[in-house]
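What the sequence shown shows, in mature numbering (1 follows the signal peptide of the UniProt record, and there is no 0), is residues -29 to -1, 1 to 263, in sequence order. Here is the structure we will look at, set down as C-alpha cells.
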Amino acid sequence: MNNRTNTKNLFNTIRLIIIIMLTAATTHAQQPGSPADSGYAPVNGIKVYYKVYGQGQPLVLLHGAFMTIDGNWGKLIPELSKTRKVIALELQGHGHTPYSDRKLSHATLAGDVAGVMDYLHIDSADVAGYSFGGAVAYQFAIQYPKRLKKLVIISATYKSEGWLPQVNAAFKQMKPEMFDQSPMKAAYDAVAPDPTKWTPFLQQMMASAQQPFNLGDANIAKITAPVLIIAGDNDGLDKLELIKTYQLLGGNVVAGFGPAPASQLAIVPGQGHVSLMEQTTTLLNYFNGFLK
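Below, the structure is given as C-alpha cells:
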C-alpha cells in the first residue's frame, strides 16, 4: 500500500511541476511594443498569426507549448529587433492562430514555418525555438536545410528520450481540467479567435505530448547549419542525452586539437525550464554572440 501511495504522490507532484512549467511564464508576459507588421499567413490549410519587428537578418522565433508570442518572447523581442528582422509566429491553435482539427506533427508545423517565410518573401533565416518550438525548429532544420542560416535551441529535445523520465511520466498524466482557471487559460481567452476551442486545443496538444517521438539521430547529424543549444542545468532535459546531441552536431571535442566546431552548447547554472527564459541578459548575450 505504501508503494502505491508513494507512486500516486509522485505522479501528483510531477503533474504539478508540469503545470507550473507550462503556466508560470504567462505571468511574466510582456508586450514587446508595436510590430512593424502583423497578420495571418494562409499556409497548409490554416491561418498562422505572425508579428514582425525591426530590420536586418531575419530571425524566426518559435514559442513553447500552450504559449503565445508575448508570453514567450516579450522580454527578448525589443532587444533582438534592434539589429534583426524578428518574425515571431504562433503555431497551430496557439494564441491568435485558430484551432484546427488538422493532425499535429513536427513536419506539418515546420511546413507552416516555411509557409510563413514564403508569405513574407523570406528565402532563409536564423531560427530559434523554445521547448515545443525547439522540437519544431529541429524539424525545420531537417526539412528545409537550405532555408536555415543558424539554429538556436532553448530547453528542447528532438526525441522523447531527451527528457528525464519524470517529465515523460508527467506528460502521460496531463488532463485538460488541470488548466482550469490557470493564467494560461486567461491568456488564451484574451486573444484566441474562438475561446470555446480551449478544451479541444488542450486535448490535441496533450495527445501530441503523450505520443513518443524521435526525429532521428542520423537526421540531426546531417544538420550543417551552426547550432547553439541552451539549457538550464535542471530544466528537465537529460543532460547525458544532450551531450550526445552536441556530439552529433560536431561538438564535445578538445579545443586546440583541431578546428573548433561550428555549433555551441551552453548550460546555464541554477535554472529550470521556465526560469531559464527569464534570464533575459544571459540569453541576449548568447544570441548576440552566436548570431553575429
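Note that the Cβ used here is the ideal one computed from N, Cα and C, for glycine as well. Given the structure is predicted, the values throughout are model-derived calculations rather than measurements.
Between the Cα of residue i and the Cα atoms of the options, which residue gives the shortest distance?
i, options, result
"Ala192", "Val138, Ser5 and Ser234", "Ser234"
"Ala12", "Ile48, Trp44 and Glu61", "Glu61"
"Asp72", "Gln182, Pro171 and Ala189", "Pro171"
"Asn259", "Lys53, Ile194, Ile113 and Tyr21", "Lys53"
"Leu91", "Asp41, Leu173 and Val14", "Val14"
"Gln218", "Ile194, Met177 and Phe111", "Ile194"
"Thr253", "Asn190, Gly203 and Lys74", "Gly203"
"Ala127", "Phe111, Gly105 and Pro29", "Gly105"
"Leu220", "Ile113, Leu262 and Glu249", "Ile113"
"Gly4", "Trp44, Val19 and Ala36", "Trp44"
"Glu249", "Val23, Gly42 and Ala36", "Gly42"
"Glu148", "Gln182, Asp188 and Trp169", "Trp169"
"Pro183", "Ala59, Tyr129 and Val162", "Tyr129"
"Asn256", "Val245, Ser246 and Val239", "Val239"
"Val138", "Gln181, Ala161, Asp151 and Ala237", "Gln181"
"Trp134", "Thr216, Val224, Ala237 and Leu30", "Thr216"
"Ala158", "Met38, Ala231 and Leu30", "Met38"
"Leu186", "Gly86, His77, Ile93 and Pro232", "His77"
"Gln26", "Ile58, Gly10 and Ser9", "Ile58"
"Ala190", "Gln110, Ile17 and Asp8", "According to the sequence provided, residue 190 is Asn. The question's Ala does not apply to it. Among Gln110, Ile17 and Asp8, the Cα nearest to that of Asn190 is on Gln110."
"Lys263", "Gln2, Gln152, Gln28 and Ser9", "Gln28"
"Ala9", "Val87, Gly16, Pro49 and Ile17", "In the sequence under discussion, the amino acid at residue 9 is Ser, which differs from the Ala named in the question. Taking only the C-alpha atoms, the option nearest Ser9 is Val87."
"Pro49", "Ile17, Gln2, Gly16 and Lys18", "Gln2"
My assumption, with CB atoms under 8 Å, is that residue i sits in contact with residue j. Please give the rounded CB distance.
i, j, result
"Ala108", "Leu33", "5 Å"
"Asn205", "Gly229", "That pair is no contact at about 32 Å."
"Thr251", "Leu80", "Actually they do not touch by this definition, with Cβ atoms about 26 Å apart."
"Pro6", "Tyr20", "Not really, about 11 Å apart at Cβ, beyond 8 Å."
"Gln63", "Asp83", "7 Å"
"Ile40", "Lys22", "6 Å"
"Ser131", "Ala36", "Contact doesn't hold; Cβ gap of about 14 Å is too wide."
"Leu75", "Leu51", "The pair is not a contact, with the Cβ atoms about 27 Å apart (cut-off 8 Å)."
"Gly227", "Leu236", "Going by Cβ atoms, the distance from Gly227 to Leu236 rounds to 17 Å, so no, they are not a contact pair."
"Val225", "Pro232", "Incorrect: roughly 11 Å between the Cβ atoms, too far for contact."
"Asp160", "Pro154", "Between Pro154 and Asp160 the Cβ distance is about 11 Å, and since that is not below 8 Å, they are no contact."
"Ala85", "Tyr115", "5 Å"
DSSP puts residue i in a beta bridge; with which residues?
i, result
"Asp165", "In DSSP, Asp165 forms no bridge with anything."
"Ser9", "Lys22"
"Ala192", "Answer is none; Ala192 lacks a bridge partner."
"Ala237", "Ile201"
"Leu208", "Trp134"
"Gln28", "Arg55"
"Val14", "Ile17"
"Asn185", "Lys130"
"residue 330", "With the chain represented from -29 up to 263, any question about residue 330 goes unanswered, as that position is not in the structure."
"Leu33", "Leu60 and Gly100"
"Ile125", "Tyr101 and Ile201"
Check whether the region 195 to 207 touches the region 121 to 137, counting contact only when three or more Cβ pairs, one atom from each stretch, lie closer than 8 Å.
-> Result yes; three or more Cβ-Cβ pairs closer than 8 Å.
Flag this pair as touching only if the region 135 to 154 and the region 64 to 78 have three or more C-beta atom pairs under 8 Å; answer yes or no.
-> They do not touch, by the three-pair rule.
Pick out the complete beta strand (DSSP E) segments inside the region 60 to 117, 3 residues or longer, and give them in chain order.
-> With a minimum length of 3 residues, the continuous beta strand (DSSP E) runs that stay inside the region 60 to 117 are 96 to 101.
Does the region 109 to 120 come within contact of the region 91 to 98, defined as at least 3 CB pairs closer than 8 Å?
-> These segments touch.
Does the pairing of the region 209 to 217 with the region 175 to 185 give three or more beta-carbon distances under 8 Å?
-> Between the region 209 to 217 and the region 175 to 185, the count of Cβ pairs shorter than 8 Å is below three; the stretches do not touch.
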